[in-house]
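Chemist: Converting from the sequence shown to this note's numbering requires adding 8 to each position, the first position being numbered 1.
Even glycine gets a Cβ: it sits at the ideal position worked out from N, Cα and C.
Being a predicted model, the structure only gives us computed values, none of them experimental.
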Amino acid sequence: TAGELTQAIPLSLSDEYLPAEWQSEESNDVSVDYLALCKGTQRHTFEMHPGVAHHPGTAQGLNFGEHEQNGVTLVTVGTEPQLEQRTLRLASVRWLVLKLQLQPETSRSHLIHLMQESLLSHQKGSHEKLWMVRWQLQGSGELFDSLRNFKHQGSLSNELALVVKERLPVGIEQSFYLQAKNSELPGTGSTLSQLFQTQLNTFQSESEHPLQQLLTQATHLDQSWLQRLNSVTAQLDDRQIINAAIHNGQTWLDVSSDEEVHV
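1) Which residues in the same chain have their Cβ closer than 8 angstroms to the Cβ of I254, if we skip the five residues on either side of it in sequence?
2) Among T53, H63, S100, which residue has its Cα nearest to the Cα of L70?
3) Go through its chain and collect everything with a Cβ distance to F72's Cβ below 6 angstroms, but skip five positions before and after it.
4) Whole angstroms is fine: what's the gap from I120's alpha carbon to E55's?
5) Could you check the C-alpha separation between Q124 and V171 for me, to the nearest Å?
6) If you compare alpha carbons, which of A226, T224, L151 is closest to S117?
7) With DSSP collapsed to three states, give me the class of E113.
8) If you draw a straight line from the C-alpha of T241 to the C-alpha of A226, how long is it?
9) Looking only at its chain, what residues have a beta carbon closer than 8 angstroms to the beta carbon of P177, apart from the 5 residues adjacent to it on each side?
10) Below 8 angstroms on the Cβ atoms is my contact criterion, and I expect L98 with L108 to pass it. Report the Cβ-Cβ distance as a whole number of Å.
11) What residue range does the beta strand (DSSP E) around Q333 cover?
12) What does the Cβ neighbour count give for H62, buried or exposed, with the cut at 16 atoms within 10 Å?
13) Please identify the residue among Q231, E216, R236, Q93 whose C-alpha is closest to the C-alpha of D5.
14) Can you tell me the Cα-Cα spacing of L261 and S134, whole angstroms?
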């Protein structure tokens, strides 16, 4: 949703509120029309007494939690004690969280159609070069279960990218977050531990070298970065990482039913 946000804000500061050095004769030629406070990633403006304070936020979102109002703030100062603020959306990367429901009877072709509709419902900004898309899928059925496999996710992502290529001229990176339909928070730590172990076993069965498998999805990166990632991966022990995951899972999740469970 590219666009501009315009907001007019009155700003006036009487001499009694100005610092002493601003009131001196030597600084009479210096005036403050606008004060921006660079704090935090969320953009907002609030009134003070007197004046206003403005947090411009971040121009570019860095993760899926920062996918809303990003951009730079253009401030126009007129002759009247009035400021005009406009948010210019100039971020080259857009973060999108798209939610879909999958029924047991949903076919692959229908899912591709739903994903295509969801993507194309968002208008591309002229400045945008890349969309980071997280597909948040909830449902059940054979197709839903198959998407727990990274290879099936990659195949679906590639097919969708080809389908929307002509109508959406922007790079797309896709990831998947699956949630079983009507899933409830397990009541015991042992159940959580079993679920974790099942998912870990599934992950292991997909590839003998899961780290190298993940790198096959990063061939679009700059070759120097890809070589560095391959070099680091070659020095890592997959078995050691899996063992650490098993240990951490058992430590964090294997608690008795009368203990509080944190997820």
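Modeler: Put simply:
1) Q205, L208
2) S100
3) W103, V105, R142
4) 47 angstroms
5) 8 angstroms
6) L151
7) coil
8) 13 angstroms
9) K132
10) The pair is not a contact, with the Cβ atoms about 29 angstroms apart (cut-off 8 angstroms).
11) No statement about residue 333 is possible, as the shown extent of the chain runs from 9 to 271 and does not include it.
12) buried
13) Shown here, the chain extends from 9 to 271; a query on residue 5 therefore has no answer.
14) 47 angstroms
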